[in-house]
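Colleague: Here it is, the structure, as structure tokens.
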Amino acid sequence: MKKSIVLIGMPGCGKTTIGEKLAIKLGYEFCDIDKYIVEKEKKSIDEMFEHGEEYFRDVESNGVEDVSKKEKVVISTGGGVVKRERNIRALKENGIIIFINRPIENIVSDVDVEKRPLLKDGKEKYISYLRKDMIFTKNTVI
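In structure tokens, the structure reads:
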């Protein structure tokens, strides 16, 4: 069995960009979990967040469960995937997890405010969120 490669990291760190290039290089399929759940649910991320973050995380976990069963795929996860132990277990089962570590300042300067639901409260709150998320991610997975 060929293991998949799972890219995790803070929102906006480049998981999708890196994942697409890596998949081409390896001859693997590429799957962005956010895009997968948008297609499956027929709702945008913003529309799912309108039902609350918990609702979105439930949908995201179901997507992780589906995608993690695939072989020879580079998986780009949503930034919050690591918040649920069941997601980590599912992804580790058939995948090698790689943490994409990018400086928070670079993420904030490059990120599109309109495409990030968690940025709507302002950049300072987002920076605080990212710092907590980075610590949580490192302690949970690596």
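Each step along the sequence shown adds one to the number in numbering that gives the first Met the number 0, with nothing skipped, and position 103 is 102.
For each residue, glycine too, the CB sits at the ideal point set by N, CA and C.
1. The beta strand (DSSP E) spanning valine 72 covers which residue range?
2. Taking the alpha-carbon of asparagine 105 as reference, which of Ala22, Ile4, Gly13 has the nearest alpha-carbon?
3. Would the beta-carbon of leucine 25 fall within 8 Å of that of isoleucine 97?
4. I'd like to confirm the pairing. Which residues does DSSP put opposite cysteine 12 in its beta bridges?
5. For glutamate 49, which three-state DSSP category applies?
6. Restricting to Cα atoms, I'd like to know which of Glu64, Gly8, Glu49 is closest to asparagine 86.
7. Please classify serine 43: does DSSP put it in a helix, a strand, or coil?
8. Apart from the five residues on each side of it in sequence, which residues of its chain come closer than 6 Å, Cβ to Cβ, to asparagine 100?
9. Work out the CA separation of isoleucine 36 and glutamate 49 for me, nearest whole Å.
10. Can you give me the Cβ contacts of lysine 40 inside the same chain, cut-off strictly under 7 Å, excluding the 5 residues immediately before and after it?
11. Check whether the Cβ atoms of isoleucine 74 and isoleucine 32 lie closer than 8 Å to each other.
12. Using the three-state DSSP reduction, which class does serine 143 fall into: helix, strand or coil?
13. Identify the continuous beta strand (DSSP E) that holds glycine 94 and give its terminal residues.
14. Could you tell me whether any non-hydrogen atom of the ligand HEM is closer than 7 Å to the CB of lysine 41?
Modeller: Looking at the coordinates:
1. In the DSSP assignment, valine 72 falls within the beta strand (DSSP E) that extends over 72-75.
2. Out of Ala22, Ile4, Gly13, the CA that lies nearest to the CA of asparagine 105 is found in Gly13.
3. No, these two residues do not count as a Cβ contact at 8 Å.
4. Per DSSP, none; premise fails for cysteine 12.
5. In this structure, glutamate 49 counts as coil in the three-state DSSP scheme.
6. With distances taken between Cα atoms, asparagine 86 lies closest to Glu64.
7. Three-state result, serine 43: coil.
8. So no residue of the chain qualifies.
9. Linking glutamate 49 to isoleucine 36 through their CA atoms gives a straight-line distance of about 15 Å.
10. The sequence shown places glutamate at residue 40, not lysine. So the qualifying residues of the chain are Met47, Val58.
11. Cβ atoms of isoleucine 74 and isoleucine 32: closer than 8 Å.
12. This structure does not reach residue 143, given that the chain is present from 0 up to 141, and the question cannot be answered.
13. Note, glycine 94: beta strand (DSSP E), 94-99.
14. No copy of the ligand HEM occurs in the structure displayed, which carries no ligand at all.
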